[in-house]
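Q:
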Amino acid sequence: MTRQPERLRRNVNRLNKLVTLLQKRGVAFSDMHILTVVGRRTGELREVPVSVLRLAGARYIFQAYPKSAWVANVRASPTVTLARGRRSSAVRMVELPVEERRSLLRDHVANSPAKLDEWFVKTGLVEEATPDGLAAVAERIAIFRVEPT
Numbered sequence: 000m001t002r003q004p005e006r007l008r009r010n011v012n013r014l015n016k017l018v019t020l021l022q023k024r025g026v027a028f029s030d031m032h033i034l035t036v037v038g039r040r041t042g043e044l045r046e047v048p049v050s051v052l053r054l055a056g057a058r059y060i061f062q063a064y065p066k067s068a069w070v071a072n073v074r075a076s077p078t079v080t081l082a083r084g085r086r087s088s089a090v091r092m093v094e095l096p097v098e099e100r101r102s103l104l105r106d107h108v109a110n111s112p113a114k115l116d117e118w119f120v121k122t123g124l125v126e127e128a129t130p131d132g133l134a135a136v137a138e139r140i141a142i143f144r145v146e147p148t
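Structure, rendered in structure tokens:
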């Protein structure tokens, strides 16, 4: 079972490079943004494509993989840059407490296409693709609210 998420992660990493390149050339994809954050160990800028979701008037970014490096980097340095196409802005990432994550995960997955909850299963974050299944493991899924700086 652990091989499938690792293979998926490698394929997504390859796709992320292409998405980043296209975004830098001005090609924007739906809710995809390029998150740029200072690496916690190297001090170098790190870029990763992320989906910015609008829920109840606020913007959020959900962790899609266990042990994502960008999550650790944002926790260490919460002021980041979000770019979409050729437009970018500095923002502050505020990690939500577990209880807020539970309700947000439950509500979001209940109102999202079936593929979204399956994605969390494929990446190994959860075993059960249901709103309650995701809410039960909220401590394993970081969610950040995007706020202006």
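With numbering that gives the first Met the number 0 applied, the sequence shown covers 0 to 148. We treat Cβ as the ideally placed atom computed from N, Cα and C, and that holds for glycine.
Using 8 Å as the Cβ pair cut-off and three pairs as the minimum, do the region 99-114 and the region 12-23 touch?
A: No contact exists between the region 99-114 and the region 12-23.
Q: Tell me which residue opens and which closes the alpha helix (DSSP H) that ARG74 is part of.
A: Here residue 74 refers to the residue found at position 75 when the sequence shown is read from its first residue. Its alpha helix (DSSP H) spans residues 68-75.
Q: Is DSSP giving PHE61 helix, strand or coil here?
A: Position 62 of the sequence shown, counting from 1, holds the residue named residue 61. If DSSP states are grouped into helix, strand and coil, PHE61 belongs with the strands.
Q: Using 8 Å as the cut-off, can you tell me whether the region 62-82 makes contact with the region 130-142, which would need three or more C-beta pairs spanning the two stretches below that distance?
A: Contact between the region 62-82 and the region 130-142 is present, because at least three Cβ pairs lie under 8 Å.
Q: Would you please state the rounded distance, in angstroms, between the beta carbons of ARG39 and ALA75? I believe it to be under 8 Å.
A: Position 40 of the sequence shown, counting from 1, holds the residue named residue 39. Position 76 of the sequence shown, counting from 1, holds the residue named residue 75. Confirmed, about 4 Å.
Q: Can you name the residues that DSSP bridges to PRO48?
A: Indexing the sequence shown from 1 puts residue 48 at position 49. Bridge partners of PRO48: ILE33.
Q: Three-state secondary structure (DSSP) at PRO130?
A: As a working note, residue 130 is residue 131 in the sequence shown. Here PRO130 sits in helix by DSSP.
Q: Short check: CB of LEU81 to CB of HIS32, under 8 Å?
A: Taking the first residue of the sequence shown as position 1, residue 81 is located at position 82. Taking the first residue of the sequence shown as position 1, residue 32 is located at position 33. The answer is yes: Cβ separation under 8 Å.
Q: Out of ARG91, VAL90, HIS107, GLU43, which one is the CA nearest neighbour of ALA68?
A: Indexing the sequence shown from 1 puts residue 68 at position 69. Of the listed residues, the one whose Cα sits closest to ALA68 is GLU43.
Q: Quick one: Cα of PHE119 to Cα of ALA128, how far?
A: For the purposes of this step, residue 119 is taken as the residue at position 120 of the sequence shown. For the purposes of this step, residue 128 is taken as the residue at position 129 of the sequence shown. In a straight line, the C-alpha of PHE119 is about 7 Å away from that of ALA128.
Q: With DSSP as the reference, please indicate the residues paired to SER111 in a beta bridge.
A: Mapped onto the sequence shown, residue 111 falls at position 112. Bridge partners of SER111: none, in fact.
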